[in-house]
């Protein structure tokens, strides 16, 4: 059909309109060479690859709704007495920030909806990034050449947390103001510079009149600007590296198997944006979020019980809550507030542990090759164990961040919960690591059994002499390939301590540590040997069936 | 065979074993685990049955039509529902009719576009899996050699290495120029000076009940209740009210004098009435939960617990030091401060001492 059209057009001596526009753009932007490599770019298909898409789309939704909100929001701490349409608040003193938030919720038609979409999308954005990061981590997708992109993603997560915090602080309500007061306490705890930083950031004593306008600039311009840049870089690298894929028949380190961007992924990914937006809109229609009118405006001498930050700050909150109140006075003049300082140091350290993991793994294992085939988590027990340990530490502190809610909902002593969290933060990850490794080994053993003996068919056969056996069905070659394609690397060795002339070699301490760690990663208790062809032949050749 | 990277620091034999005989091999009798290659494409019902394909087409079109209707519904809701109309929707309770209608119609309008596009892609667009080649990210050695040569040539032409004076002064200039930006930040706020050490309390200032805005008399403080107070003269319409109350907020309780364990606390009390700063010494939340039997107060933010019968000592939680007590007395029948707090209120800081 298209041939016919171009033929008719050729007769008239002119290309179709769309083509002429494309020609014009190509002459100025070089779009044809860009499209040549990207328009039919192949993307592999797996449900877990859409987690990153959720993050991208919720980010776009946040930008769209956020721009709308700025049209009505007044980031000012000037005080007013409320006389708007929400009657229960009449006559109450509040800042313009709080007043305009009430106006958005009660006077602007659809304002409440956009506010709720904005906040819900922010929660989805951060949850999406966490889960996406876990997918990348557990499948080893962060390995060369994708370490830098891992860092970009990590920065997006951290910046996302702070953008979220500055965002939910803007309405200047009683709950968020309490969060800002907490930040003031944290800043004051900084040795040497704390009180100076506090004065500079707040423009004087807490709360002053500057913090909301300053948070506003940070929230709508500074942080999202940086994040937008990182996000674009993140996506460019995804295109440039080509997507990773799960191992399977026909999939190798040198190819990428899937369907083309145009049309399949244009439709699927483009459609998915609307799915995410639609679902968040429905949530915003039926589930209220941050009802500031029920909380009231901020006053430094008031507080509500059960005060909680948004979930992504819960981890930091937990650290602060369960830390014992250690405080030193040095030489009678200077105070170090370890009770606040230590949690605030541990918080970024825990985050950094997962951020630098790709570099640690590649150093320990000595593996500097490119990897495009994903690992099944069971085949990398140490990495999987580390990831689970990290998650447990995170979740334990998330529970710690809500220790008051656990106490009131389950009628437990807040002191016992706090002590439980203190111990579990150290013990939980270790247990998690050990248990996860054992589970991985069990799964590897199961894979081996499946390859050698086939899968359980559920059919019980009775032999002539009365014995019952279960019939096992051999796997297809595709399945066997998928279960045996992974490599089982050997640990690095330092080599002999003396050279061929009997002279002692100099071995650096770092090399010894590395060899030890490498043994931890790849040593014998990390894998069940893969079935070999000989073993398979022996079993399938008839004799020695189970 | 899959080694694309360099590994100068690792001996060859210690590298993780290669993937010999695994990839891209044609299925052979010798290796039952070999990669059999891409499986043949399996047709969907829509690929072989034009009727099924037509059905899919109608489904997609229906979804897109639903979206159009929902958008019309959105506009209609915007016009029809007043912004303050509250309706009861089971099981959500009493909610804003406008918010509910707008959100639902917008959600359906968006979701149906997405569902239509995805259904179109899944049932009607080609689902043949194709393999595309990957190339190593690292440049070929010739490319790298060319780039290095170019760089050396460019660097030599600039004279950076040869003319050290230019180089060093340039680094100096570049290092200094950001200082202007740092200096400009000075006026973000004032210096701390004594601001964190002083509050609005001083000798002779009466204690005013936060709830009634009347000066407090000793008989106003009942056993077992927690009373909040502010200094006389601090009014809510004061421009700096929030910054002042953030330090001045006070809580009062009455404890039987024989139950007060701390000697100084007893001296600073009046007939068992003790006044403590309401601002938690952890990170500054206002303390608001009082346990009358034990005279413990709990900060609801991070659960620091203080004993008001024992000098405001920390008995649990992350706070690092006791709550500051205000020395109070009675004059003309009203409670008043004897002096400012003896130590800074609120969270600790480096110069606190």
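Residue numbers (this note's numbering), protein chains in the order written: chain A, 755 to 1300; chain B, 2 to 354. The beta-carbon is built from N, C-alpha and C at its ideal position, and this holds for glycine as well.
* To do: Tell me residue 209(B)'s beta-bridge partners as DSSP assigns them.
  => Counted from its first residue, the second chain places residue 209(B) at position 208. Here residue 209(B) is bridged, per DSSP, to 216(B) and 231(B).
* Cβ-based neighbour list, residue 22(B), same chain, cut-off 8 Å, excluding 5 preceding and 5 following -> Here residue 22(B) is taken as the residue at index 21 of the second chain, counted from 1. Low per-residue confidence applies at residue 22(B): pLDDT is 36, beneath 50, and the placement is therefore not dependable enough to give any value.
* Mind listing, in chain order, the continuous alpha helix (DSSP H) runs of no fewer than 4 residues lying wholly within the segment 76-153 of chain B? => The segment 76-153 of chain B contains these whole alpha helix (DSSP H) runs: 98-124.
* Rounded to the nearest angstrom, how far is the Cβ of residue 217(B) from that of residue 336(B), given a contact under 8 Å? -> Taking the first residue of the second chain as position 1, residue 217(B) is located at position 216. Taking the first residue of the second chain as position 1, residue 336(B) is located at position 335. Contact annotation, residue 217(B) with residue 336(B): C-beta distance approximately 5 Å; criterion of less than 8 Å satisfied.
* Could you give the C-beta distance for residue 799(A) and residue 1012(A), rounded to a whole number, given that I count them as a contact under 8 Å? -> As a first step, residue 799(A) must be located in the first chain, where it is residue number 45. As a first step, residue 1012(A) must be located in the first chain, where it is residue number 258. Contact flag correct, Cβ pair sits at about 5 Å.
* Asked: Would residue 1359(A) count as contacting chain B if we go by Cβ distances under 8 Å?
  -> No information on residue 1359(A) is available, as it lies outside the stretch 755 to 1300 that chain A covers here.
* Can you grab the Cα-Cα spacing for the pair residue 985(A) / residue 907(A), in whole Å? => Reading the first chain from its first residue, position 231 is the one you call residue 985(A). Reading the first chain from its first residue, position 153 is the one you call residue 907(A). Roughly 8 Å between the two C-alpha positions.
* Alpha carbon to alpha carbon, how far is residue 1293(A) from residue 11(B)? Give it in angstroms, no decimals. => In the second chain, counting from the first residue as 1, residue 11(B) sits at position 10. In the first chain, counting from the first residue as 1, residue 1293(A) sits at position 539. With a pLDDT of only 46 at residue 11(B), under 50, the local geometry of the prediction cannot be trusted, and no value is derived from it.
* For residue 728(A), which residues in chain B fall below 8 Å Cβ to Cβ? -> Absent from the structure is residue 728(A), since the part of chain A shown begins at 755 and ends at 1300.
* To do: Give the DSSP-derived three-state secondary structure of residue 360(B) in the structure shown.
  => This structure leaves residue 360(B) out entirely; chain B is present only between 2 and 354.
* Own chain residues within Cβ distance below 6 Å of residue 351(B), not counting five before or after -> What you label residue 351(B) is simply residue 350 of the second chain in a count that begins at 1. Cβ neighbours of residue 351(B) within its own chain (closer than 6 Å, five residues either side excluded): none.
* Is residue 1178(A) near the ligand MN, judged by its Cβ being under 7 Å from some heavy atom? -> The ligand MN is not among the ligands present in this structure, which contains no ligands whatsoever.
* Asked: Among the residues of its own chain, which have a CB less than 8 Å from the CB of residue 801(A), if the five just before and after it don't count?
  -> Taking the first residue of the first chain as 1, we reach residue 801(A) at position 47. A distance below 8 Å between beta-carbons, with the five flanking residues on each side excluded, links residue 801(A) to no residue of its chain.
* To do: Kindly list the residues whose CB is nearer than 6 Å to the CB of residue 1210(A), restricted to its own chain and excluding five residues on each side of it in sequence; keep chain order.
  => For this step, residue 1210(A) is matched to residue 456 along the first chain. Around residue 1210(A): no qualifying Cβ.
* Backbone CA spacing between residue 958(A) and residue 952(A) [nearest angstrom] -> Taking the first residue of the first chain as 1, we reach residue 958(A) at position 204. Taking the first residue of the first chain as 1, we reach residue 952(A) at position 198. In this structure, the straight-line span from the alpha carbon of residue 958(A) to that of residue 952(A) is close to 8 Å.
* From the beta carbon of residue 901(A), is the nearest beta carbon of chain B less than 8 Å away? -> Within the first chain, numbered from 1, the residue matching residue 901(A) stands at position 147. Judged by the 8 Å Cβ criterion, residue 901(A) is not in contact with chain B.
* Where does residue 195(B) land, buried or exposed, given buried means 16+ other C-beta within 10 angstroms? -> To locate residue 195(B), count along the second chain from 1; it is residue 194. Classified as exposed, residue 195(B) has fewer than 16 neighbouring CB atoms from the shown chains inside 10 Å of its CB.
* Anything in chain B within Cβ reach of residue 957(A), meaning under 7 Å, just list it in chain order. => For the purposes of this step, residue 957(A) is taken as the residue at position 203 of the first chain. Annotation: Cβ neighbours of residue 957(A) in chain B (cutoff 7 Å, chain order): 189 and 190.
* Cβ-based contacts, 9 Å cut-off: residues of the segment 101-117 of chain B near chain A -> Only those residues of the segment 101-117 of chain B whose C-beta falls short of 9 Å from the nearest C-beta of chain A are listed: 101, 102, 103, 104, 105, 106, 107, 108, 109, 110, 111, 112, 113, 114, 115, 116 and 117.
* Cutoff 6 Å; reference residue 278(B); Cβ partners in own chain excluding five residues on either side -> Taking the first residue of the second chain as 1, we reach residue 278(B) at position 277. So the list reads 324, 325 and 346, once near-sequence residues are dropped.
* Sheet register partners of residue 848(A) (DSSP bridge) -> As a position in the first chain, residue 848(A) is number 94, starting the count at 1. Partner residues in the beta bridge of residue 848(A), as assigned by DSSP, are 834(A).
* What residue does the alpha helix (DSSP H) around residue 1211(A) start on, and which one ends it? -> By one-based count along the first chain, residue 1211(A) stands at place 457. Taken as a continuous stretch (DSSP letters only), residue 1211(A) belongs to no alpha helix (DSSP H), being part of the beta strand (DSSP E) at 1209-1216.
* Asked: Thinking C-alpha only, which one of 970(A), 869(A) and 851(A) is nearest residue 833(A)?
  -> Looking up residue 833(A) in the first chain gives position 79. Of the residues 970(A), 869(A) and 851(A), the one whose Cα lies closest to the Cα of residue 833(A) is 851(A).
* Please report how far the alpha carbon of residue 1074(A) lies from the alpha carbon of residue 1178(A), in whole angstroms. => Mapped onto the first chain, residue 1074(A) falls at position 320. Mapped onto the first chain, residue 1178(A) falls at position 424. Approximately 15 Å, taken between the alpha carbons.
* Assign residue 1027(A) to one of three DSSP states: helix, strand, or coil. => Walking along the first chain from the start, residue 1027(A) turns up at place 273. DSSP places residue 1027(A) in the helix class (H, G or I) of the three-state scheme.
* Asked: Three or more beta-carbon pairs under 8 Å between the segment 1233-1251 of chain A and the segment 1265-1276 of chain A, yes or no?
  -> Contact between the segment 1233-1251 of chain A and the segment 1265-1276 of chain A is present, because at least three Cβ pairs lie under 8 Å.
* To do: Please list, in chain order, all residues of the same chain as residue 1082(A) whose beta carbon is under 8 Å from its beta carbon, the five residues on each side excluded.
  => In the first chain, the residue the question calls residue 1082(A) occupies position 328. The residues are 1089, 1090 and 1092.
* Helix, strand or coil for residue 243(B), going by three-state DSSP, please let me know. => Your numbering for residue 243(B) matches position 242 in the second chain. Three-state result, residue 243(B): helix.
* Under 8 Å between the Cβ atoms of residue 243(B) and residue 310(B)? -> Locating residue 243(B) in the second chain gives position 242, where the first residue counts as 1. Locating residue 310(B) in the second chain gives position 309, where the first residue counts as 1. In this structure, residue 310(B) does not lie closer than 8 Å to residue 243(B) by Cβ.
* **Nearest residue (CA-CA) to residue 1080(A), options 222(B), 318(B) and 99(B)** => If you number the first chain from 1, residue 1080(A) lands on position 326. Closest by alpha carbon: 318(B).
* Asked: Under 8 Å between the Cβ atoms of residue 1191(A) and residue 1229(A)?
  -> The residue you call residue 1191(A) lines up with position 437 of the first chain. The residue you call residue 1229(A) lines up with position 475 of the first chain. In this structure, residue 1229(A) does not lie closer than 8 Å to residue 1191(A) by Cβ.
* Examine chain B for any beta-carbon lying closer than 8 Å to the beta-carbon of residue 926(A), and answer yes or no. => Here the question's residue 926(A) lines up with position 172 in the first chain. With 8 Å as the cut-off, residue 926(A) does not count as an interface residue toward chain B.
* To do: Establish whether the CB of residue 135(B) and some CB of chain A are separated by less than 8 Å.
  => Here residue 135(B) is taken as the residue at index 134 of the second chain, counted from 1. Flagged as an interface residue toward chain A: residue 135(B), by a C-beta distance shorter than 8 Å.
* Would you say the segment 1093-1103 of chain A touches the segment 1112-1130 of chain A, given that touching needs at least three Cβ pairs under 8 Å? -> Contact between the segment 1093-1103 of chain A and the segment 1112-1130 of chain A is absent, because fewer than three Cβ pairs lie under 8 Å.
* the segment 131-141 of chain B in contact with the segment 101-114 of chain B per 3-pair CB rule at 8 Å -> The answer is no - the segment 101-114 of chain B does not touch the segment 131-141 of chain B, with fewer than three Cβ pairs under 8 Å.
* Asked: Which same chain residues, not among the five before or five after residue 1265(A), have their C-beta less than 8 Å away from its C-beta?
  -> Along the first chain, read from residue 1 onward, the residue named residue 1265(A) stands at position 511. Within the same chain, residue 1265(A) has close Cβ partners 1248.
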